[in-house]
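K.L.:
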Amino acid sequence: DAKTTQPNSMESNEEEPVHLPCNHSTISGTDYIHWYRQLPSQGPEYVIHGLTSNVNNRMASLAIAEDRKSSTLILHRATLRDAAVYYCILRDAEYGNKLVFGAGTILRVKS
Amino acid sequence: EAGVAQSPRYKIIEKRQSVAFWCNPISGHATLYWYQQILGQGPKLLIQFQNNGVVDDSQLPKDRFSAERLKGVDSTLKIQPAKLEDSAVYLCASSFWNTIYFGEGSWLTVV
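Note that the protein sequences, when read in sequence, are chains A and B. Under our numbering, read the first sequence as residues 54 to 164, first letter to last. Under our numbering, read the second sequence as residues -6 to 104, first letter to last.
1. Around the Cβ of P18 of chain B, are there at least 16 other Cβ atoms within 10 angstroms (buried) or fewer (exposed)?
2. Pick out the complete beta strand (DSSP E) segments inside the segment -5 to 57 of chain B, 3 residues or longer, and give them in chain order.
3. Please report whether the beta-carbon of G98 of chain B lies at a distance below 7 Å from any beta-carbon of chain A.
4. Could you tell me if Q52 of chain B is buried or exposed, where buried requires 16 or more neighbouring beta carbons within 10 angstroms of its beta carbon?
5. Rank A:L104, A:K122 and A:P93 by C-alpha distance to the C-alpha of Y139 of chain A and give the top, closest one.
6. Over what stretch of residues does the beta strand (DSSP E) that includes I159 of chain A continue unbroken?
7. In its own chain, which residues sit with a C-beta less than 7 Å from the C-beta of D79 of chain B, not counting the 5 before and 5 after it?
8. For a quick check, are the C-beta atoms of S91 of chain A and E97 of chain B less than 7 Å apart?
9. If you draw a straight line from the C-alpha of L160 of chain A to the C-alpha of K4 of chain B, how long is it?
10. Compare the C-beta of G103 of chain A with all C-beta atoms of chain B and state if any pair is closer than 7 Å.
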């Protein structure tokens, strides 16, 4: 399984944008980049995913480097409810393939 | 749309006892996963089902853990006999295509 590297923790102020980086230098051509987050005492929840182009949804934006060896999850205005562990995961395009989680980034949001 | 249902939410047992966790995935989701999450770590895949067949159980400790998914719908994960190091959250998840949906987890404490 291809590996990802994320900072252990990051801190942000409320109402400010947050950029969460992820390195995946061994990514293969069929790997999708997925982001999940896990709030305290809950199961992980899907945030966003992409293959080559930048992606936007109601929760976040995903910026993917041209060589696909890194990506950044962007939360446009952090709220206290965004405090969670954020996981960057490579998932093969094969149908039904698993998610292999790393340690993730702990995001703290200060009011 | 109903989410992934798990029970029980919390369980405390003594070592060498047995325990079973139940999961009902989202309707129509063919793929079902069981993950183990130890405090402070990311979830680790134990077993993946495609309908009622096992796709990946390479990290399932088969001497004490077993799982089944009869009829390709709900699933049961059993631990017998439990060890102290089995204390963790057991997460069930299901997917139809590219997004995996997690339940809230079953918290196991082995004393």
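Yeah, the Cβ is synthetic: ideal placement off N, Cα and C, and Gly gets one too.
P.N.:
On the basis of the supplied data:
1. buried
2. -2 to 0, 3 to 6, 12 to 17, 24 to 30, 37 to 43 and 46 to 49
3. yes
4. exposed
5. A:P93
6. T158 to K163
7. I72, L101 and V103
8. It should be pointed out that residue 91 of chain A corresponds to Gln in this sequence rather than to Ser. For Q91 of chain A and E97 of chain B, no; Cβs fall outside 7 Å.
9. 29 Å
10. no
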